[in-house]
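Each remark here refers to the structure printed beneath this line.
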Amino acid sequence: MSKILVVGSIGYDTIATPSGRVEDVIGGSANYFALAASLYSTVNVVGVVGSDYRDSDLQILKKRNVNLQGLQVEEGETFRWSGSYVDDLNEAVTLKTELNVFRNFNPKLPEEYKSSDFLFLANIDPVLQMNVLDQVSKPKFIGLDTMNYWIDSKVEDLKKVLSKVDVFLLNETEALKLADDRNIVSAVKKLSSMGPKSVVVKRGEYGFFMYSHNQFFVLPAFPVADVVDPTGAGDSFAGGFFGYLSRNGDVSNLRSLQEACVHGAIVASFSVQDFSVRALEALDWAKVETRMGEYMKVVSFAQP
22 MSKILVVGSI GYDTIATPSG RVEDVIGGSA NYFALAASLY STVNVVGVVG
72 SDYRDSDLQI LKKRNVNLQG LQVEEGETFR WSGSYVDDLN EAVTLKTELN
122 VFRNFNPKLP EEYKSSDFLF LANIDPVLQM NVLDQVSKPK FIGLDTMNYW
172 IDSKVEDLKK VLSKVDVFLL NETEALKLAD DRNIVSAVKK LSSMGPKSVV
222 VKRGEYGFFM YSHNQFFVLP AFPVADVVDP TGAGDSFAGG FFGYLSRNGD
272 VSNLRSLQEA CVHGAIVASF SVQDFSVRAL EALDWAKVET RMGEYMKVVS
322 FAQP
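Residue numbers for the sequence shown follow the numbering used here, beginning at 22 and rising by one.
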């Protein structure tokens, strides 16, 4: 089983949804990804927190054997994000962002991290993402996430990173924006021509689709009636995706990539059923397998 390295944000979120409101709960892309991927494999984390980050929250990762040697603890306050979901659970409205110690984050990889076989560059500054790429040896598989802010402010830096990765994971709005296109099918083809062998578009409650090996692969999300908090669903998807590939070992086969997407969808379906990382914290492999069986019934049909 290969090790996975994730570089991303670790912070505290204040979230309001139709289901309620929570304050200063665990958030950040690295937290969601690590908890999801640790169901499958060993995860190495690189990130930064302030001196106010609760030890009890670090213990949640440690219980999953997540390696925190690359976690920097700086004097000051931890990154914080506040958002709400009102009319559309697929779209968060950002109310406040406080970068705090994350403002001066400079990823430094411990020696043992540099040989990680799988690397996920979560949603951070493309310049920092390239910095990480310069520190690793030769990962077997590299994934990238981004957001509209970086597409607007550092698109050329983003494209440089994009040319060096194997899979690009992003949502539909981001894909259309970066490709400067109105049609998602032609947009992902444009994105693929920028370098990544595969492009995975996350579509929230509508599922996902992947463009890889000159083929499209489209499936719905697992039907969840009790969506509580969609924050982190995309990073949970990425964690399940990378976790499966790490366990499976085959990153070149289209079938393997398709199965990784399904695992990402299953893990993400749990993530949205509670606030913060609570559902991921309680998740185990038996629950994943059970829901996988239910999902296969949803997407299967009898041959004529």
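Just so you know, even glycine gets a beta-carbon here, dropped at the ideal spot from N, CA and C. Small disclaimer: the values here were computed from a predicted structure and weren't measured.
In this structure, does DSSP put Phe243 in helix, strand or coil?
The residue given as residue 243 occupies position 222 in the sequence shown. Three-state result, Phe243: coil.
Is the separation between the beta-carbon of Val27 and that of Ile145 shorter than 8 Å?
Residue mapping note: residue 27 aligns to position 6 of the sequence shown, counting from 1. Residue mapping note: residue 145 aligns to position 124 of the sequence shown, counting from 1. Going by C-beta atoms, Val27 is not nearer than 8 Å to Ile145.
According to DSSP, simplified to helix, strand and coil, what is Gln294?
Counted from its first residue, the sequence shown places residue 294 at position 273. Residue state, collapsed to three classes: coil.
What do you get for Ala303, buried or exposed, if any count of 16 or more other CB atoms within 10 angstroms of its CB means buried?
For the purposes of this step, residue 303 is taken as residue 282 along the sequence shown, with counting starting at 1. Counting Cβ neighbours within 10 Å, Ala303 comes out exposed, since fewer than 16 surround it.
Close beta carbons around Tyr74, own chain, < 6 Å, minus the five adjacent residues each side:
Here residue 74 is taken as the residue at index 53 of the sequence shown, counted from 1. Hits under 6 Å: Thr99.
Decide if Asp138 is buried, meaning its Cβ has at least 16 other Cβ atoms within 10 Å, or exposed.
Residue mapping note: residue 138 aligns to position 117 of the sequence shown, counting from 1. So Asp138 ends up on the buried side.
For the region 148-204, list the beta strand (DSSP E) runs that are entirely contained and at least 3 residues long, ordered along the chain.
162-166, 188-192
Can you say whether Leu116 is buried or exposed, counting buried as having 16 or more other CB atoms within 10 angstroms of its CB?
Sequence index remark: in the sequence shown, residue 116 carries index 95 (1-based). Classification for Leu116: exposed.
Determine, using beta carbons only, whether Gly164 and Val148 come nearer to each other than 8 Å.
Counted from its first residue, the sequence shown places residue 164 at position 143. Counted from its first residue, the sequence shown places residue 148 at position 127. Contact: no.
Going by other Cβ atoms of all chains shown within 10 Å of its Cβ, with 16 needed for buried, is Val66 buried or exposed?
In the sequence shown, the residue the question calls residue 66 occupies position 45. By the neighbour-count rule (16 or more Cβ atoms within 10 Å), Val66 is buried.
Which of the three DSSP states is assigned to Asn144 in this structure?
Taking the first residue of the sequence shown as 1, we reach residue 144 at position 123. Residue state, collapsed to three classes: coil.
For Phe296, does the count of other Cβ atoms within 10 angstroms reach 16, so buried, or fall short, so exposed?
What you label residue 296 is simply residue 275 of the sequence shown in a count that begins at 1. Phe296 comes out buried.
Would you list the residues sitting across from Met54 in a DSSP beta bridge?
Within the sequence shown, residue 54 is the residue found at index 33, counting from 1. In the sequence on display, residue 54 carries Phe and not Met. In DSSP, Phe54 forms no bridge with anything.
Beta-carbon proximity check, Tyr227 vs Val209, cutoff 8 Å
The residue you call residue 227 lines up with position 206 of the sequence shown. The residue you call residue 209 lines up with position 188 of the sequence shown. No.
Keeping to the same chain, check which residues put their C-beta closer than 6 Å to that of Glu197; ignore five residues upstream and five downstream.
What you label residue 197 is simply residue 176 of the sequence shown in a count that begins at 1. The amino acid occupying residue 197 in the given sequence is Leu; Glu does not appear at that position. Around Leu197: Ala208.
Within the continuous beta strand (DSSP E) that includes Val114, where are the two ends?
Along the sequence shown, one-based indexing puts residue 114 at 93. Element bounds for Val114: 114-119.
By DSSP's criteria, Phe258 is part of a beta bridge. Which residues make up the other side?
Within the sequence shown, numbered from 1, the residue matching residue 258 stands at position 237. Its beta-bridge partners do not exist; DSSP assigns none.
Contact check, Tyr33 vs Arg101 under 8 Å by CB: the rounded distance?
One-based indexing of the sequence shown puts residue 33 at position 12. One-based indexing of the sequence shown puts residue 101 at position 80. With 8 Å as the limit, Tyr33 and Arg101 qualify as a contact, their Cβ atoms being about 5 Å apart.
Using the rule of at least 16 other Cβ atoms within 10 Å of the residue's Cβ for burial, across every protein chain shown, is Ala259 buried or exposed?
Locating residue 259 in the sequence shown gives position 238, counting from the first residue. Burial call: buried.
Quick one: Cα of Ser158 to Cα of Phe262, how far?
The residue labelled residue 158 in the question sits at position 137 within the sequence shown. The residue labelled residue 262 in the question sits at position 241 within the sequence shown. Using only the alpha carbons, I get a separation of about 22 Å.
Gly314 versus Ile287, Ser292, Asp173, Glu195, residue with shortest Cα-Cα distance:
For the purposes of this step, residue 314 is identified with residue 293 of the sequence shown, where counting begins at 1. Among Ile287, Ser292, Asp173, Glu195, the Cα nearest to that of Gly314 belongs to Ile287.
Strictly by DSSP, which residues pair up with Glu95?
If you number the sequence shown from 1, residue 95 lands on position 74. Answer by DSSP bridge pairing, in chain order: Gly71.
Buried versus exposed call for Ala200 [16 or more other C-beta atoms within 10 Å across all chains shown]
Locating residue 200 in the sequence shown gives position 179, where the first residue counts as 1. With 16 or more Cβ atoms within 10 Å of its Cβ, Ala200 is classed as buried.
How many Å lie between Ala289 and Ser257 at the Cα?
Here the question's residue 289 lines up with position 268 in the sequence shown. Here the question's residue 257 lines up with position 236 in the sequence shown. Roughly 5 Å separates the two Cα atoms.
CB of Trp171 within 8 Å of CB of Leu183, strictly:
By one-based count along the sequence shown, residue 171 stands at place 150. By one-based count along the sequence shown, residue 183 stands at place 162. Cβ atoms of Trp171 and Leu183: not closer than 8 Å.
Given Ile47, which residues of its chain have a CB within under 6 Å of its CB, disregarding the five upstream and five downstream residues?
If you number the sequence shown from 1, residue 47 lands on position 26. Contacts found: Asp78, Ser297, Val298.
Thr35: which of Asp173, Val87, Gln150, Ser105 sits nearest, CA to CA?
Working through the sequence shown from its first residue, we reach residue 35 at position 14. Answer by Cα proximity: Ser105.
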